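Here our numbering is used: the first residue of the sequence shown is 331, the next is one more, and so on.
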Amino acid sequence: MASNMSLEDIRNETVDLENIPIEEVFQELKCTRDGLTSEEGAKRLEIFGPNKLEEKKESKFVKFLGFMWNPLSWVMELAAIMAIVLANGGITQDFIGIVVLLIINSTISFIEENNAGNAAAALMAGLAPKTKVLRDGKWSEQDASILVPGDLISVKLGDIIPADARLLEGDPLKIDQSALTGESLAVTKHPGDEVFSGSTCKQGEIEAVVIATGVHTFFGKAAHLVDSTNNVGHFQQVLTAIGNFCICSIAVGMQGAITKRMTAIEEMAGMDVLCSDKTGTLTLNKLTVDKNLIEVFPKNADKDTVVLLAARASRIENQDAIDASIVNMLSDPKEARAGIIEVHFLPFNPVEKRTAITYYDSNGNWHRCSKGAPEQIIELCQLKGETLKKAHEIIDNFANRGLRSLGVARQTISEKTKESAGDPWEFVGLLPLFDPPRHDSAETIKKALDLGVNVKMITGDQLAIGKETGRRLGMGTNMYPSSTLLGQSKDESIASMPIEELIEKADGFAGVFPEHKYEIVKKLQERKHICGMTGDGVNDAPALKKADIGIAVADASDAARGASDIVFD
């Protein structure tokens, strides 16, 4: 059945292309699985515009002059004028000194802002320059800027997704969405799911139909929020405490920080709410095995045995985050292959959801060990009765605490061939994975709370993981999923609560995207809070730019540095 919607309606986002069945997507976009013709693509390009972010060129000279137009500069400029007036129109040493200081101050600010980077430019750098598209019935590599809704694209390992799209038939993909969520662990995307511009394919190959391009993509909206935000701080509206201002600026500078907007120092003195990203800001953004919580099942094994077997079932080169976290638990990564000869390695795949290694030891005995999704390992070992019940209880306990679980199993291969199915599998144990807090996070949060600053965590990670991090940092666990920000909460106790009030009372929100972080900061500002924001990722840039004080932590992305007022090195 043909759609009554026009392409202009699609451009204006009046159609929910993200959630409707895939066949309806083709109907609404007036396209087929044979792709578009070049002629149709050109017509749609006129309607939707090129698939790229708006690029605003700014004169460096005008930008430099901008640093002479702020409250501190006004005071210095007024002092220079007064020096001329008091000298009856003559040029005095006072006048020359003030002008030199003004130029030096503006030059330093200009250089520091350039060093910190430009947020919008950094976001643009994260987009795909080329893509494989089906036009006129033929696949070819084209500039990603020509893509329009209705185009069919091919996505494979290593590709940056060039536009928002819906996946067609095929095997699931592993997608790195860190540009949007800040979480480095790849997520699984199935046929029919939406993939976002700027994310990266880590595993698999599939075709997809484009549903949004350019500024209409999720990534484009984040860039627009950054580019359109131009806050004027409370202390920039009313200039106060110039002496304290200068002293604080020196103190912050000595601690290895670039202060791009000098009045941000004054803002910090009045800050009463601090929103913080989790991954890479409060935590190390490095998966770690919590050895204290490892569960061992056989009596003839211990925690070190579980770690060693899991490390053997991991890659020692070209590792993903999980393999790296396990191998790094060993005192020496070489132990993962010490004393054994690898015969065959089974890499992770979305169907079996596990890795495995076949090897023989120095005595010539053949073995196989495997690690992976707990349910897959349980099924592999055919657990039953009390052992199965115990395993499920542990997995549920880990999940409730926001810990990811990995199952580990082993078997003997009596036939001594890699093709052999081997003897029955033995369930060895369960490993809990967690992104641990930075060593100084808990102390910093305690100091902030003691100073009357309300600290809120806003993370793209799962709710349970956010709560566990909050528990470990002592910052509260009164956290909610991002759906509550849209008024979709199933919790009756908060369903009728105004969103602004909920944001004020919450300790944090989980599963959020860049626009959610931006809205949280905006709502807090509307409630007359002086709001700070700390972060390190591309996904934090809109909120960092919107906040009264945006703070980029050490090793932050270029986009985060460009959007912040203060950048720590």
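All residues carry an ideal CB built from backbone N, CA and C; glycine is no exception. Predicted model only: the values in this text are computed from it and were never measured.
Taking C-beta atoms under 8 Å as the contact rule, Glu-756 and Pro-628 qualify, at a distance of about 6 Å.
By the CB criterion at 7 Å, Phe-394 and Ala-413 fall outside the cutoff. The beta-bridge partner set that DSSP reports for Tyr-810 consists of Phe-839. Rounded to the nearest whole angstrom, the C-alpha separation of Lys-608 and Ile-850 is 15 Å.
Contact check for Ala-538 against Ile-490 fails: the beta carbons are separated by 7 Å or more. Judged by beta-carbon spacing, Ala-643 lies beyond the 7 Å limit of Ala-703, meaning their Cβ atoms are not closer than that value. Rounded to the nearest whole angstrom, the C-alpha separation of Asp-888 and Met-827 is 37 Å. Per DSSP, the unbroken beta strand (DSSP E) holding Leu-760 starts and ends at 756 to 764. Look at Thr-742 here: in three-state DSSP terms it is strand. DSSP, reduced to helix, strand and coil, places Thr-589 within a strand of the structure shown. Leaving aside the five residues that flank Leu-710 on each side, the residues in its chain whose CB is nearer than 7 Å to its CB run, in chain order, Ser-700, Ala-739, Trp-755. Put simply, the stretch 767 to 784 touches the stretch 801 to 813. At least three CB pairs are less than 8 Å apart.
Taken in chain order, the unbroken stretches of alpha helix (DSSP H) that lie wholly in the stretch 393 to 426 and span 4 residues or more are 401 to 416. A distance below 6 Å between beta-carbons, with the five flanking residues on each side excluded, links Asp-870 to the following residues of its chain, in chain order: Asp-607, Ala-890.
Collapsing the DSSP output to three states places Met-805 in coil.
Apart from the 5 residues on each side of it in sequence, Gly-669 sits with its Cβ closer than 8 Å to the Cβ of Asp-691, Ser-692 in its chain, given in chain order.
Beta-bridge pairing by DSSP links Lys-486 to Glu-535. Around the C-beta of Gln-741, 16 or more other C-beta atoms lie within 10 Å, and the residue is accordingly described as buried. Ile-879: member of the beta strand (DSSP E) spanning 879 to 882, first to last residue. Per DSSP, the unbroken alpha helix (DSSP H) holding Asp-653 starts and ends at 651 to 657.
The C-alpha of Ile-833 lies about 25 Å from the C-alpha of Arg-768. Around the C-beta of Arg-857, fewer than 16 other C-beta atoms lie within 10 Å, and the residue is accordingly described as exposed. Along the length of the stretch 616 to 679, whole beta strand (DSSP E) runs at least 3 residues long occupy 670 to 676, reported in chain order.
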